[in-house]
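Respectively, the protein sequence lines represent chains E and L.
Quick note on our numbering: the first sequence kicks off at 1 and runs consecutively.
Quick note on our numbering: the second sequence kicks off at 219 and runs consecutively.
There are 2 protein chains.
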Amino acid sequence: MTIFDEELMHLKELVLKMGGMVQSAIKDSIHSLVERDSELARKVIEKDPLVNALDVQIDEESIRLIALRQPTAGDLRFITTAMKITTDLERMGDLAEDISERAIELNEEPPLKPYIDIPRMAEISQGMLRDVLDAFVKEDTSVAYDVIKRDDEVDNLTVQLFNELLFFMIQDPRAVSRAIKITYIAKYLERIADHATNIAEMVVYMVQGKMIRHTEAQ
Amino acid sequence: MTIFDEELMHLKELVLKMGGMVQSAIKDSIHSLVERDSELARKVIEKDPLVNALDVQIDEESIRLIALRQPTAGDLRFITTAMKITTDLERMGDLAEDISERAIELNEEPPLKPYIDIPRMAEISQGMLRDVLDAFVKEDTSVAYDVIKRDDEVDNLTVQLFNELLFFMIQDPRAVSRAIKITYIAKYLERIADHATNIAEMVVYMVQGKMIRHTEAQ
Numbered sequence: 001m002t003i004f005d006e007e008l009m010h011l012k013e014l015v016l017k018m019g020g021m022v023q024s025a026i027k028d029s030i031h032s033l034v035e036r037d038s039e040l041a042r043k044v045i046e047k048d049p050l051v052n053a054l055d056v057q058i059d060e061e062s063i064r065l066i067a068l069r070q071p072t073a074g075d076l077r078f079i080t081t082a083m084k085i086t087t088d089l090e091r092m093g094d095l096a097e098d099i100s101e102r103a104i105e106l107n108e109e110p111p112l113k114p115y116i117d118i119p120r121m122a123e124i125s126q127g128m129l130r131d132v133l134d135a136f137v138k139e140d141t142s143v144a145y146d147v148i149k150r151d152d153e154v155d156n157l158t159v160q161l162f163n164e165l166l167f168f169m170i171q172d173p174r175a176v177s178r179a180i181k182i183t184y185i186a187k188y189l190e191r192i193a194d195h196a197t198n199i200a201e202m203v204v205y206m207v208q209g210k211m212i213r214h215t216e217a218q
Numbered sequence: 219m220t221i222f223d224e225e226l227m228h229l230k231e232l233v234l235k236m237g238g239m240v241q242s243a244i245k246d247s248i249h250s251l252v253e254r255d256s257e258l259a260r261k262v263i264e265k266d267p268l269v270n271a272l273d274v275q276i277d278e279e280s281i282r283l284i285a286l287r288q289p290t291a292g293d294l295r296f297i298t299t300a301m302k303i304t305t306d307l308e309r310m311g312d313l314a315e316d317i318s319e320r321a322i323e324l325n326e327e328p329p330l331k332p333y334i335d336i337p338r339m340a341e342i343s344q345g346m347l348r349d350v351l352d353a354f355v356k357e358d359t360s361v362a363y364d365v366i367k368r369d370d371e372v373d374n375l376t377v378q379l380f381n382e383l384l385f386f387m388i389q390d391p392r393a394v395s396r397a398i399k400i401t402y403i404a405k406y407l408e409r410i411a412d413h414a415t416n417i418a419e420m421v422v423y424m425v426q427g428k429m430i431r432h433t434e435a436q
């Protein structure tokens, strides 16, 4: 194994580390909502700078490797993909922070209704993130394609939840403020799933060396 | 001027072309809402694949230049920044499409109230995009920093509009569905401003060769 191989492996590990931190942040943010644990929500918010620091580190390391090793073909695609993936991971971390902020607000008011769709949406989104990181590491396009397909499930659940909450709001004006916050959390989860889908498309591009974004995958 | 200089200039032109298309899309989407012109909204949606095609083209050209010319330092940073900027531009284009979809829905119902805050938010967001593209081309960090500062204005207008619409919804349940769609449009504009801010941070990074993302700029 050459030094460059080791450097590439290290870069891969950094991306996985960042992905793991974002996965925990999403899991904890939803837990803080469902279990009404605002202390946990505050911890998610406090930890976000660590995710951001890794984003910077991965960017710097990628630039360094391109300049120093002058990689071509597959290796170059791998490094530029890593740089792009971290942008999505960083924003997923921000969305976990947004969920935590809404959770803290919602925890201060009486529960509107039991959370059923939100944990389900979170579960699918988290699964998509876990699998897409796996697809990236193993350079496995079939897993990546599978992630892209699951995006629709999250979109459908968002529409379903939105309609249900609309009913609550029309019935009871006092529910409006809380219901809107819950629709926001659904939107955040939808965007987390979108980011996982973006990463999946990049992984396919990286592996196949061709661009599927904006074509079949749409 | 070397061939490589010309290639870099061509890459810059492609990014500007893509930025110009996104600017038109945002402008037209808001116009379609304010003037209740659903035909225009449909045109914005139809044109989005052109933006996506440019995203692919810029990515391919960037990879080709890195592999072929093996740029270092400033040039390398410029090319990787171009690749990252297009991801943000592409998503801004998607958000203009989202605005157009909500506009078509809202145009089918009676107006809730005159749109005042939305055009104001759109104006600021568009100004941020225009200036950040200028900052990228001229490698001007002071313009980029100025864009970053303006993000707060958009955030404040979103909160203000949200509170106003909440009042509408509580007063009149029939307003709920329309009011929520308007808050969504405000959120889309907020995200467009966020993307402009992301690009501004990347431009500063490109020029100064250091990473301000997630530090002073936050």
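Every residue gets a Cβ at the ideal spot worked out from N, C-alpha and C, and that includes glycine.
Computed from a predicted model, the values in this text were never measured in an experiment.
- L251(L) and Q378(L) have their alpha carbons spaced roughly 20 Å apart.
- Shown here for A321(L): same chain residues with a beta carbon closer than 6 Å to its own, the five before and five after excluded, namely S250, L251, A259 in chain order.
- Note on the region 66-121 of chain E: whole alpha helix (DSSP H) runs with a minimum of 4 residues are 73-107, in chain order.
- Looking at the backbone, the Cα of E315(L) and that of R309(L) are separated by about 10 Å.
- If you look at T141(E), you'll find it in the alpha helix (DSSP H) that goes 141-171.
- One alpha carbon belongs to D55(E), the other to L407(L), and they sit about 25 Å apart.
- Between A67(E) and A291(L) a beta carbon distance of about 7 Å is seen, short of the 8 Å cut, so the two are scored as contacting.
- R77(E) and G209(E) do touch by the CB rule: their CB atoms are close to 6 Å apart, below 8 Å.
- Between L112(E) and F168(E), the CB-CB gap stays under 8 Å.
- Its chain contains M339, I342, S343, L407, E408, A411 as the residues whose beta carbon lies nearer than 7 Å to that of V372(L), once the 5 sequence neighbours on both sides are disregarded; these appear in chain order.
- The region 129-138 of chain E makes contact with the region 198-208 of chain E; the number of CB pairs closer than 8 Å reaches 3 or more.
- Shown here, M219(L) sits in coil according to DSSP, grouped into three states, outside any helix or strand.
- The beta-carbon separation of V365(L) and M346(L), rounded to 5 Å, stays under the 8 Å limit for a contact.
- Assignment of G427(L) by DSSP, reduced to helix, strand and coil, places it in the coil class.
- In the three-state scheme derived from DSSP, where H, G and I count as helix and E and B as strand, D59(E) is classed as helix.
- Put simply, the CB of P328(L) is far from chain E, with every gap to its CB atoms at 8 Å or more.
- Rounded to the nearest angstrom, the Cβ distance from Y145(E) to V51(E) is 27 Å, too far for a contact under 8 Å.
- Taking 8 Å as the CB threshold, I63(E) lines the interface with chain L.
- Straight across, the Cα-Cα distance linking D266(L) with E39(E) is about 43 Å.
- With a threshold of 8 Å between beta carbons, L294(L) makes contact with chain E.
- In terms of Cβ geometry, T299(L) and M219(L) do not form a close pair [threshold 8 Å].
- The C-alpha of R150(E) is placed about 28 Å away from the C-alpha of L106(E).
- When only Cα atoms are considered, L14(E) and I58(E) end up about 7 Å apart.
- The beta carbons of T304(L) and M236(L) sit about 6 Å from each other, so the pair counts as a contact at 8 Å.
- About 4 Å separates the CB atoms of I99(E) and S29(E); that is less than 8 Å, so the two are in contact.
- Around P114(E), no beta-carbon contact reaches into chain L at under 9 Å, the shortest distance being about 22 Å.
- Buried is the label assigned to E101(E), since at least 16 other Cβ atoms lie within 10 Å of its Cβ.
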